[in-house]
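Number of protein chains: 2
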Amino acid sequence: MPAVQEIPAREGRAVKVSRGQALKVINTFGTQVVDFWAFNAADLGTYLSMQHTRATLSRLTPHAGDILVDNWREPMLSFESDTSPGVHDTVIPPCDRARYVKLGCAEEHASCAGNLRQALERLDLTAPPCPASFNLWMNIPVLPGGDLEWRETVAKPGDSVVFRALVDCIMVMSACPQDVIRINSGRPVSAQYALLDG
Amino acid sequence: MPAVQEIPAREGRAVKVSRGQALKVINTFGTQVVDFWAFNAADLGTYLSMQHTRATLSRLTPHAGDILVDNWREPMLSFESDTSPGVHDTVIPPCDRARYVKLGCAEEHASCAGNLRQALERLDLTAPPCPASFNLWMNIPVLPGGDLEWRETVAKPGDSVVFRALVDCIMVMSACPQDVIRINSGRPVSAQYALLDG
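Protein chains in written order, with numbering that gives the first Met the number 0: chain A, 0 to 197; chain B, 0 to 197.
#1: In chain A, which residues lie less than 8 Å from residue 57 (chain B) when you measure between Cβ atoms?
#2: Less than 6 Å between C-beta atoms, sequence neighbours within five positions excluded: which residues of the same chain meet that for residue 108 (chain B)?
#3: Can you grab the Cα-Cα spacing for the pair residue 171 (chain A) / residue 143 (chain A), in whole Å?
#4: Locate the alpha helix (DSSP H) running through residue 168 (chain A), then write down its first and last residues.
#5: Could you spell out the range, first to last residue, of the alpha helix (DSSP H) harbouring residue 119 (chain A)?
#6: Based on the DSSP output, what are the partners of residue 158 (chain A) in its beta bridges?
#7: With DSSP collapsed to three states, give me the class of residue 56 (chain B).
#8: Return the residue from the list B:146, B:57, B:36 and B:96 that minimises the CA-CA distance to residue 46 (chain B).
#9: If the criterion is Cβ atoms closer than 8 Å, does the pair residue 173 (chain B) and residue 33 (chain B) meet it?
#10: Any idea if residue 139 (chain A) is buried or exposed, counting beta-carbon neighbours within 10 angstroms, 16 or more meaning buried?
#11: Can the beta-carbon of residue 50 (chain A) be found closer than 8 Å to that of residue 131 (chain B)?
#12: For residue 135 (chain A), write down the residues that DSSP places opposite it in a beta bridge.
#13: Are the Cβ atoms of residue 169 (chain B) and residue 23 (chain B) separated by less than 8 Å?
#14: Looking at chain B, is there any beta carbon in it that lies within less than 8 Å of the beta carbon of residue 136 (chain A)?
#15: At which residues does the beta strand (DSSP E) containing residue 100 (chain B) begin and terminate?
#16: Can you tell me which residues form a DSSP beta bridge with residue 67 (chain B)?
#17: From which residue to which residue does the beta strand (DSSP E) around residue 3 (chain B) run?
#18: The beta strand (DSSP E) spanning residue 190 (chain A) covers which residue range?
#19: In terms of alpha-carbon separation, which member of A:18, A:150, A:129 and A:189 lies closest to residue 156 (chain A)?
#20: Under three-state DSSP, which class holds residue 181 (chain B)?
#21: Please confirm if residue 14 (chain A) has its CB atom under 8 Å from at least one CB of chain B.
#22: Should residue 72 (chain A) be flagged as near chain B, meaning a C-beta pair shorter than 8 Å?
#23: Compute the Euclidean distance between the alpha carbons of residue 122 (chain A) and residue 111 (chain A), then round it to the nearest angstrom.
#24: Which same chain residues end up closer than 6 Å to residue 83 (chain B) when comparing Cβ atoms and leaving out the 5 residues on each side of it in sequence?
#25: Show which residues of chain A have a CB atom less than 8 Å away from the CB atom of residue 101 (chain B).
#26: According to the Cβ coordinates, are residue 95 (chain A) and residue 137 (chain A) closer than 8 Å?
#27: When the Cβ atoms of the stretch 174-194 of chain A are set against those of the stretch 2-14 of chain A, are three or more pairs found closer than 8 Å?
#28: Given residue 93 (chain A), which residues of its chain have a CB within under 6 Å of its CB, disregarding the five upstream and five downstream residues?
#29: What are the residues that DSSP puts in a beta bridge with residue 11 (chain B)?
#30: Would you tell me roughly how many angstroms separate the C-alpha atoms of residue 74 (chain A) and residue 103 (chain B), rounded to the nearest one?
#31: When you check each C-beta in the stretch 83-96 of chain B against every C-beta of chain A, which residues fall closer than 7 Å?
#32: Please work out which residues of its chain come closer than 6 Å, Cβ to Cβ, to residue 60 (chain B), disregarding the five sequence neighbours upstream and downstream, and give them in chain order.
#33: Roughly how many angstroms lie between the CA atoms of residue 71 (chain B) and residue 55 (chain B), to the nearest whole one?
#34: For chain A, check one thing: does any of its Cβ atoms lie closer than 8 Å to the Cβ of residue 175 (chain B)?
#35: Which residues does DSSP list as the beta-bridge partners of residue 123 (chain A)?
#36: Where do the ends of the beta strand (DSSP E) carrying residue 45 (chain B) lie?
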């Protein structure tokens, strides 16, 4: 039974995941969006790319069973399982300082982009600028005509996804601190993860 | 009457556009996808961002009248006019060498990512890696359920879009060389542009 680790509310965590290992991300309370990134451990300029994954799959959002690719279109992760209804987002960027300032918050409001940087810094790593995140459980339906809505998650408490590394990776998760709009049901909470061996 | 310039088939062009000036991009034959980027002339690490523009507009694809933002969520371009039916794409990345190799083409097949690099190099500039493009006239409908289709353009010959610079910019266009799938009606052709003063 792998040790389950906490992602504290509004914080990020980075984990080294060797090829063949997998990371389980758990939506402990079912209401939390978790922004997710993966970087090639040998070169952080090679990372999980939402735009290239959309083109490879010819689909806006990956499903369990899909292979996710990096910014060179090479297979990086197997999206091995998903116990949730599968409502995730790839079209909205991670929240950042600019987002919260425009929403009227203080400059020091936590953000997923800041959490990514800090989580990697704790491993003495520097993130490349602006990688798009795979926004787990973020519920952004595309309406006919292309308008986007920002809704609450539809996950159940304890729902989880598993990503298996096809190359040595650094995977990063941020328990999204968005508390102005209602994507986290208005109250950002913690999430969890577990490193699974092959 | 501003001088109309050619974007030769399968090639790219970069243009300095000062604040207040505008660039008109013309779909000469109506069948051509033109990948488009804009960079802040003072810092090429600041560029038109499709993901931040989607979030700012709460829409998948900008319409004429919208303000397009950079990767710091700051206004960069005014999407001033569009004579076409407004079918453009923001979710598919520019084609690149990896795309064509996977499609069975030779490594030297032209690509929009390569055209971006070469067009900027002709101005002694270096593009940051992997900026998402605004794919003018690319017809990628999102089906219910999120599947994407790759269709031919719905533009008419001579349709055009106009982007006005809100900051000093380098704008780059690539006449997409995709000739394997049918997004350019199977035959990549030239397009045109014109620099418009304020």
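Backbone N, C-alpha and C define an ideal beta-carbon position, used for all residues, glycine too. Fair warning: this is a prediction, and the values are worked out from it, not measured in the lab.
Reading off the structure:
#1: 146, 147, 148 and 149
#2: 99
#3: 33 Å
#4: Segment 168-174 is the beta strand (DSSP E) holding residue 168 (chain A); no alpha helix (DSSP H) there.
#5: 111-120
#6: A:26
#7: helix
#8: B:36
#9: yes
#10: buried
#11: yes
#12: A:33
#13: no
#14: no
#15: That residue, residue 100 (chain B), is in no beta strand (DSSP E); its alpha helix (DSSP H) goes 96-101.
#16: B:76
#17: 3-6
#18: 190-195
#19: A:189
#20: helix
#21: no
#22: yes
#23: 17 Å
#24: 154 and 158
#25: 72
#26: no
#27: yes
#28: 34, 111, 112 and 132
#29: B:173
#30: 17 Å
#31: 90, 91 and 92
#32: 87 and 89
#33: 11 Å
#34: no
#35: Paired residue(s): none; residue 123 (chain A) is not in a bridge.
#36: 42-46
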